[in-house]
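This is the structure we're talking about:
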């Protein structure tokens, strides 16, 4: 279980780095948002303590996001099945706006 969380966290962090780099490549951002959301949710599960989570967060590309975007990504990860369908039909790529609109 721990190994699986670690793999998901690493995959999510890599997706987050690409997400940030792909600001101008809208379509790619939409594809990466679910992977980044899964990674952040896995990290939250692995580090349930806020202090440990924030210590981990500072060393990752996720730290470039606002707390609202991180919160939205966590919710997107929790409700991936719902957001996946909505993401296919929308032009939104911002995590916060995507989550507000999808729920």
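Residue numbers (this note's numbering): 8 to 110. Note that the Cβ used here is the ideal one computed from N, Cα and C, for glycine as well. None of these values were measured; they are calculated from a predicted model.
Under a three-way DSSP split, which group does residue i fall into?
i	result
residue 72	coil
residue 81	helix
residue 44	helix
residue 95	coil
At which residues does the alpha helix (DSSP H) containing residue i begin and terminate?
i	result
residue 23	9-28
residue 103	102-109
residue 62	57-64
Just to confirm, is the Cβ distance from residue i to residue j under 7 Å?
i	j	result
residue 68	residue 23	yes
residue 12	residue 58	no
residue 16	residue 46	yes
residue 51	residue 81	yes
residue 37	residue 109	no
For residue i, collect the residues of the same chain with a Cβ closer than 8 Å to its Cβ; drop the 5 residues on either side in sequence, then sort them by chain order.
i	result
residue 9	53
residue 86	109, 110
If you drop the 5 nearest sequence neighbours on each side, which residues of the same chain put their C-beta closer than 7 Å to that of residue i?
i	result
residue 102	40, 76, 79, 80, 83
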